[in-house]
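Residue numbers (my numbering): 129 to 315.
Structure record follows, encoded as structure tokens.
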Ligand SMILES: Cc1cc2nc3c(=O)[nH]c(=O)nc-3n(C[C@H](O)[C@H](O)[C@H](O)COP(=O)(O)O)c2cc1C
């Protein structure tokens with residue numbers, strides 16, 4: 129199998145899309161973030177890489193809180209808008225209806241299917257990005273998106289970013305059980 133070497137500037141894989149929320153100058157601001165992930169199971173830490181130029185970063189650092197909101201595909205226009213326009217130039221506080229949880233300063237978007245409010249625990253200073261690591265303090269989901277007590281991604285229908293193609297996609301069909309498909313190869 130012959131491989132050709134390609135640009136070493138990034139990883140190529142589909143990325144789930146989120147809206148990260150923070151209060152900036154006293155009002156909610158949301159930006160689109162695809163570079164986010166779980167980072168630790170107990171306590172539940174998440175991480176989000178946010179470019180230092182972004183308006184939202186100051187709010188995360190000032191309040192030491194932020195939220196992660198997962199939109200369904202039907203919110204694609206609003207989500208893309210939040211990734212095109214900076215809160216430093218336009219007021220994005222009205223794009224979504226906002227609610228607050230126990231942390232009181234992490235704005236969450238009502239329209240998004242899943243919301244997590246996070247307490248900032250660490251900021252890693254990278255050359256261009258600030259990697260915000262937060263502990264999930266509260267998580268919220270509408271009942272219609274829940275199956276057997278957990279958020280059901282088939283019902284939520286999240287957006288995936290195909291970065292090189294500059295395209296949003298949705299989940300494909302199921303392939304095989306996770307932590308199951310490989311069992312037949314176990315000795
Ligand atoms: C699909 C998509 C994904 C994005 N992912 C990220 C990301 O992971 N990290 C980041 O710093 N910016 C990301 N951006 C860019 C910011 O969302 C964008 O610059 C935004 O306008 C910044 O908003 P703010 O200045 O109000 O904070 C993304 C934009 C789009 C459209």
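Cβ coordinates follow ideal geometry from the N, Cα and C atoms, glycine included.
Cβ-Cβ distances below 8 Å link residue 240 to 147, 197, 198, 199, 200, 203, 224 in the same chain, with the five nearest sequence neighbours on each side left out; the list follows chain order. Here residue 197 is bridged, per DSSP, to 147, 243. Beta-bridge annotation (DSSP): residue 262 is paired with 174, 248. Distances from the alpha-carbon of residue 150 to those of 301, 276, 288, 233 put 233 closest. By the C-beta density criterion, residue 195 is buried, having at least 16 other C-beta atoms within 10 angstroms. By the Cβ criterion, the segment 296-303 is not in contact with the segment 258-271, since fewer than three pairs of Cβ atoms, one from each stretch, lie closer than 8 Å. Between residue 210 and residue 268, the CB-CB gap reaches or exceeds 9 Å.
Under DSSP, the beta-bridge partners assigned to residue 161 are 146. By alpha-carbon distance to residue 219, the top candidate from 137, 152, 314 is 152. Distance between residue 308 and residue 286, taken at the CA atoms: about 24 Å. With a threshold of 8 Å, the Cβ atom of residue 220 counts as near ligand 1, since some heavy atom of the ligand is closer than that.
At least one heavy atom of ligand 1 lies less than 8 Å from the C-beta of residue 208.
Pairing residue 193 with residue 160, the inter-Cα distance amounts to about 17 Å. Contact check for residue 248 against residue 145 fails: the beta carbons are separated by 9 Å or more.
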